[in-house]
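There are 2 protein chains.
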Amino acid sequence: MRDSVQKVALDLSSKIESGEWADGYRLPPERRLAAEHGLARNTLRQALSALEQRGLIVRQVGRGTFVRAESRPALADGLLAKMRNASPVDLIEVRLIIEPQAAALAATRASGEDLATIEAALRQSVLAKGTAEFEHWDAALHLAIFRATKNSLLVDYCEAITSIRNQPRWHRLKQRTVTPASRHLYNRHHSTIVTALRERDAETARKAMIEHLTTVRDHLVGAAS
Amino acid sequence: MRDSVQKVALDLSSKIESGEWADGYRLPPERRLAAEHGLARNTLRQALSALEQRGLIVRQVGRGTFVRAESRPALADGLLAKMRNASPVDLIEVRLIIEPQAAALAATRASGEDLATIEAALRQSVLAKGTAEFEHWDAALHLAIFRATKNSLLVDYCEAITSIRNQPRWHRLKQRTVTPASRHLYNRHHSTIVTALRERDAETARKAMIEHLTTVRDHLVGAAS
DNA sequence: CCCTCTTGAGCCAATATTGAACCAATGTTC
DNA sequence: GAACATTGGTTCAATATTGGCTCAAGAGGG
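Residue numbers (the working numbering), protein chains in the order written: chain A, 5 to 229; chain B, 5 to 229.
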């Protein structure tokens with residue numbers, strides 16, 4: 005057959021680009037690949053060389069051939085970093101998507117222990133003296149709600165959000181936007197949410213969270229303008 | 005076998021992280037572990053050394069090897085790494101929260117260019133020959149929808165989801181669940197969503213996405229049982 | 001016939017794994 | 001306390017696996 009090289013190169017690269025062979029995956033040995041494709045090893049090696057030149061794979065004598073893991077680590081390291089660069093408006097938009105649903109889930113799934121943790125965080129946030137302390141317990145409250153959903157991905161998400169909100173640039177923004185009046189309002193919102201959770205009222209919890217985050221967003225854009 | 009070290013290291017660490025080998029548990033002697041895994045002791049020792057370096061175990065001459073207590077908090081590694089351990093059900097639950105809203109946002113914000121990209125991805129996914137190729141264009145389609153929201157956080161989220169779905173363990177699951185019939189159904193769903201986007205019909209786009217992901221979830225749990 | 005692609009085989013160098021032996025620290029038994 | 005067994009720590013040579021490379025012969029289209 006003519007041009008087997010291009011054919012097998014296409015086949016292999018599609019396996020890589022589709023994710024079937026993920027980053028860091030170790031390809032079968034050349035000799036086996038050649039046998040599986042019904043080709044001589046030399047021919048298959050030409051295909052591999054092409055992929056290597058395109059940067060898709062890395063070959064190491066005595067170790068094997070690997071899907072190049074250069075693209076993914078950049079994402080792994082960069083995901084949080086990229087999220088940290090998100091704008092406040094983008095962030096609150098995402099929170100408005102996720103957190104009402106999370107609150108609704110928490111209403112149906114929270115254990116008694118979860119509720120106790122949530123209520124403790126609420127009490128502490130009401131008692132908090134400074135802005136920093138209030139923010140701490142506010143974050144703890146939201147996190148406790150996410151834990152109550154029993155969904156580890158949601159917990160991860162909330163921790164990421166918290167880490168974003170703990171950055172210095174956000175601190176400055178908060179200090180401009182969090183006034184005694186707004187704190188009082190936020191406490192009322194939080195209280196409504198927690199009450200709804202205790203009464204297993206998913207719909208009320210969702211709506212209360214929407215109202216809460218909408219208020220936060222309006223304060224943010226008000227402060228920005 | 006060639007990469008026995010990594011394999012057995014993964015096996016052992018999963019036993020620890022899953023809790024099967026709790027904190028303080030004493031591992032079987034190296035010689036026994038090696039025999040059970042069909043490896044030479046030296047090879048298995050390399051795997052143990054890797055775990056030791058990661059802080060998962062402690063080795064004591066003459067006493068044995070122990071799962072390290074307090075190992076968990078010290079391992080604040082990567083957000084993405086943690087997300088990768090999420091269960092399929094957790095993942096689809098989060099997708100059901102976010103993606104319908106994202107579709108609704110995309111309906112109001114997508115540019116003509118965005119719509120062209122989305123429709124191209126849809127066409128490619130319909131034409132795709134294998135499961136891998138279909139998955140590739142399916143992911144591209146969802147990503148294009150997220151890009152159309154103009155919210156960088158949502159795009160980051162979608163890329164994280166895609167990277168999770170590209171893992172080998174997910175690949176096996178997909179190969180069991182994606183049949184020609186389900187692919188046909190998914191194509192219909194995708195088509196409905198894209199049409200709604202083009203017509204700027206946010207509500208229809210949201211509902212179509214909900215129906216789509218609900219179907220995917222049902223296929224998943226159906227395959228699991 | 002000529003040219004290119006492909007094959008099959010062999011050899012080399014780098015790496016991985018094995019298998020065994022011996023040492024050192026700890027625990028157990030008498 | 002002494003003898004013995006168990007366990008991790010270390011070293012080393014032998015073997016297996018793997019990619020890097022070369023070359024002569026075959027296959028197939030112009």
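Ideal placement from N, C-alpha and C gives every residue a C-beta, glycine not left out.
Three-state secondary structure (DSSP) of residue i
{"i": "B/Gly116", "result": "helix"}
{"i": "B/Gly59", "result": "coil"}
{"i": "A/Thr47", "result": "helix"}
{"i": "B/Arg127", "result": "helix"}
{"i": "A/Thr199", "result": "helix"}
{"i": "A/Arg30", "result": "strand"}
{"i": "A/Ala132", "result": "coil"}
{"i": "B/Ser75", "result": "Reliability of the predicted coordinates at B/Ser75 is poor, the pLDDT of 49 falling under 50, and no value is obtained from them."}
{"i": "B/Lys154", "result": "coil"}
{"i": "A/Ser3", "result": "This structure gives no information on residue 3 of chain A, because the portion of chain A shown stretches from 5 to 229."}
{"i": "A/Asp205", "result": "coil"}
{"i": "B/Trp141", "result": "helix"}
{"i": "A/Ser53", "result": "helix"}
{"i": "A/Ala90", "result": "coil"}
{"i": "A/Gly42", "result": "coil"}
{"i": "B/Glu24", "result": "coil"}
{"i": "B/Ser229", "result": "Confidence is the limiting factor: at B/Ser229 the pLDDT is only 48, short of 50, which leaves the residue's position unreliable and the question unanswerable from this model."}
Proximity below 8 angstroms, CB of residue i to CB of residue j
{"i": "B/Asp94", "j": "A/Leu157", "result": "yes"}
{"i": "A/Ile96", "j": "A/Leu201", "result": "no"}
{"i": "B/Ala237", "j": "B/Ala125", "result": "It is not possible to answer for residue 237 of chain B, since the shown part of chain B is limited to 5 through 229."}
{"i": "A/Arg49", "j": "A/Glu34", "result": "yes"}
{"i": "B/Leu43", "j": "B/Thr69", "result": "no"}
{"i": "B/Ser129", "j": "B/Asp142", "result": "yes"}
{"i": "A/Val71", "j": "A/Ala26", "result": "yes"}
{"i": "A/Thr218", "j": "A/Val182", "result": "no"}
{"i": "B/Ile197", "j": "B/Ala185", "result": "no"}
{"i": "A/Ala120", "j": "A/Ala209", "result": "no"}
{"i": "B/Leu60", "j": "B/Ile122", "result": "no"}
{"i": "A/His216", "j": "A/His188", "result": "no"}
{"i": "B/Ile102", "j": "A/Ile214", "result": "no"}
{"i": "B/Val159", "j": "B/Arg151", "result": "yes"}
{"i": "A/Leu55", "j": "A/Ala13", "result": "yes"}
Distance between beta carbons of residue j and residue i, contact taken as under 8 angstroms
{"i": "B/Ala106", "j": "B/Thr153", "result": "5 angstroms"}
{"i": "A/Leu52", "j": "A/Arg63", "result": "7 angstroms"}
{"i": "B/Ala206", "j": "B/Ala90", "result": "Contact doesn't hold; Cβ gap of about 28 angstroms is too wide."}
{"i": "A/Leu271", "j": "A/Pro104", "result": "Residue 271 of chain A is absent from the model: chain A starts at 5 and stops at 229."}
Paired residues, beta bridge with residue i - DSSP
{"i": "B/Gly68", "result": "B/Gln64"}
Please specify which runs of the alpha helix (DSSP H), each continuous and at least 4 residues long, are wholly inside the stretch 156 to 188 of chain A, giving them in chain order.
-> 156 to 169 and 172 to 181
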